[in-house]
Each structure stands twice: as C-alpha cells, then as structure tokens.
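In full-length UniProt numbering, the protein residues as written are 1 to 346.
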C-alpha cells in the first residue's frame, strides 16, 4: 500500500477515535464511529486476497448495522426526552438498543461471529488495530452511559462471552483466531464490572490492550500465523519465544504478572457487590482461556517439533528485539507491584 495512503488511513483512525471519545453529542459520536469504520476497511482489504476482501465486506456490513442501531437508539431517546447528550440516555428501549449496538461493535456474545472471521482474514498489524484502538470508542460510549444500562443483561452477556470465548478458543490452530477468542473472553471481564465500577472496565481495557499488542507484535516479528509454524520459530528467535511465554501467562491472569491485577480487582468488586456466585463462575470460565494460552506457550517454548514436521527449521538470527516489544513486554509483566500507584491515579 502507498505510504501516503496508509498515513491518511492511520490519521483518520486516530481522528475518528478522538472524535468519539471526546464528544457529548450522539451525532458526533456516531460520526467518529463511521470515520473509524471507513478508515480501517482499506487496511483490512489491502492484500487483495479473497479472504481479506471477504473480511472487509463482513466487517463493513456488521459495523454499518451497529452504527444504524446506535443512531436509532439516540434518536429514540431524543424523541422521548428531548436530550441528545450521551450521558442523558434514560429511555429503557434506547438503553437496550444501545447495548445491542455496542455489543455488535465490540463482538460480545451473541454478536461475536464476525470477529474471529474478520481477524483471520486480516494481517497481524490490522488485527492489532481491530483488537485495541477500534474497541476504545465503543467502550467509551459504554463507560459514559453505564449508569443507565441494565445490569442483569450486561452480566449475562459478560458470562456468555467469557464462556464462549474460552470454549471456542480451545480447538483453534490459527493464531489470529485464538487471539480473537481471547479478546471476546476479556470483553466479558470488562462488561461484567461496567455498571458497578466503570473505571475498572477502562483499567482492564488498557491493560488488555497493552498485553495483546505485545503478543501481536511478537507474532508479527516471528512471522507466525499458525501453531505448527510457532513450534519451529524458537530456533529463529529464542528471546522472543521466551518473552511470549511470560506475556501469554500475563494474558491468562496468573500472578505475579500484570494480567492478574484487573482480574483480582474485578473479583474483589463483585464480592463487595454481593455477587460472589458470579465472581466464582467467571473465574472458573477464565480457566478455559488459561488452557489455550498454555497451549500457545507450550508450542512456542517448551515442545520440540517431531522430525516428521513439514516445516523447515528457521535459521537462528542475532537480530535484537524491537524496542517497542521490549517496553510493552516489561509493562505486560511487571505492573503488579506498582498497583497501589495505579489505584491512586484512578
């Protein structure tokens, strides 16, 4: 792709995200979402592969439907209350429609079917954008309307997302699909606490974006797209393989790594809200995610490929680890000791 065109699309992505997260008016928020969608479409379809074109088409149709529902929800609310302010969403029907619209945009269960397919048809760098920056505007809208949303509905969606995201990731062999189901599972954790402590949702999202960016960049640097290739990648970049093991354990939420921090805080908050059974259920469902993270880590670092493998071993290279990967990995692993400072900030 032409560098100038790529720069225009990237700037448009940042512009659309900024417009949505800084707006108070529903029409401005909707405009930002539309700019975001239109900017990411050329990045998805840039390879001209049939899978990429299919992914771009699916993404466009799904996001167009979700944007229509966002606009319909805000118009219904304005019709009944005379308010276009995002924080003044009070009409019950509008709240239900908005919850469905944002769930479609984020890929929450039961509106998750498009996300793994679109991620599988995209490159790893585009997948990184879709898993992080493209989820920020919808989560911001949920954050701003959190006091009006239905807690029972959100809790149901969250538990279903944690269950389906973990379950469907178990038998995947494609790295991008595994990361997509990982994203769906993490969205369940963000949604379950939204009504009770919205700041925890944002903290969870920021730390998830940090850890998943690290994994996407590591896999992009190793040129790995499926598990069978990952098994032979350790000969080429042993340092990246070791880093990926720690980052995957952090994504799974194991102490004493960064990923344990949001899970710990969410379980604590749910217990304080007298929702201990819900906390137990979502904690047990996170074990499904732990299984496929361990599987990835096992393939990346612990196992030796059999001699019958179809993949040639890669030449070992002494290329140093990218600085951005080094910084992101450090943050993905070592933020737990500074958690008191994080809580002081939020």
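Note that beta-carbon positions come from the ideal geometry of N, C-alpha and C, so glycine has one too.
Roughly how many angstroms lie between the CA atoms of residue i and residue j, to the nearest whole one?
{"i": "residue 207", "j": "residue 258", "result": "8 Å"}
{"i": "residue 15", "j": "residue 23", "result": "12 Å"}
{"i": "residue 297", "j": "residue 231", "result": "10 Å"}
{"i": "residue 235", "j": "residue 328", "result": "23 Å"}
{"i": "residue 268", "j": "residue 336", "result": "16 Å"}
{"i": "residue 115", "j": "residue 322", "result": "28 Å"}
{"i": "residue 339", "j": "residue 331", "result": "12 Å"}
{"i": "residue 222", "j": "residue 274", "result": "45 Å"}
{"i": "residue 155", "j": "residue 100", "result": "13 Å"}
{"i": "residue 200", "j": "residue 228", "result": "37 Å"}
{"i": "residue 82", "j": "residue 176", "result": "44 Å"}
{"i": "residue 165", "j": "residue 12", "result": "30 Å"}
{"i": "residue 67", "j": "residue 18", "result": "17 Å"}
{"i": "residue 31", "j": "residue 170", "result": "38 Å"}
{"i": "residue 247", "j": "residue 265", "result": "20 Å"}
{"i": "residue 183", "j": "residue 38", "result": "22 Å"}
{"i": "residue 128", "j": "residue 26", "result": "27 Å"}
{"i": "residue 122", "j": "residue 8", "result": "19 Å"}
Would you please state the rounded distance, in angstroms, between the beta carbons of residue i and residue j? I believe it to be under 8 Å.
{"i": "residue 187", "j": "residue 161", "result": "5 Å"}
{"i": "residue 178", "j": "residue 325", "result": "Not confirmed; about 19 Å, so no contact."}
{"i": "residue 137", "j": "residue 21", "result": "6 Å"}
{"i": "residue 36", "j": "residue 124", "result": "No, residue 36 and residue 124 are not in contact; Cβ-Cβ is about 19 Å, not under 8 Å."}
{"i": "residue 242", "j": "residue 301", "result": "6 Å"}
Under 8 Å Cβ to Cβ from residue i, same chain only, skipping five residues before and after it: list those, please.
{"i": "residue 159", "result": "188, 192, 278, 281, 282, 285"}
{"i": "residue 106", "result": "135, 138, 139, 187"}
{"i": "residue 263", "result": "189, 253, 283, 286"}
{"i": "residue 41", "result": "56, 59, 60"}
In the DSSP output, which residue or residues are listed as bridge partners for residue i?
{"i": "residue 174", "result": "226"}
{"i": "residue 25", "result": "85"}
Note down, in chain order, each residue of its chain lying with its Cβ closer than 6 Å to the Cβ of residue i, except the 5 sequence neighbours on either side.
{"i": "residue 77", "result": "89, 91, 94"}
{"i": "residue 205", "result": "139, 190"}
{"i": "residue 80", "result": "91"}
Can you give me the Cβ contacts of residue i inside the same chain, cut-off strictly under 7 Å, excluding the 5 residues immediately before and after it?
{"i": "residue 148", "result": "89, 90, 95"}
{"i": "residue 103", "result": "111, 157"}
If we cut at 7 Å on Cβ distances, does residue i have a partner in chain C?
{"i": "residue 49", "result": "Considering every chain present, this structure includes no chain C. It has just one protein chain."}
Quiz item: Does the stretch 249–257 touch the stretch 210–224, meaning 3 or more C-beta pairs lie closer than 8 Å?
Solution: yes
**Asked** Is the stretch 73–83 touching the stretch 44–64 in the sense that three or more CB pairs, one from each, lie closer than 8 Å?
**Response** no
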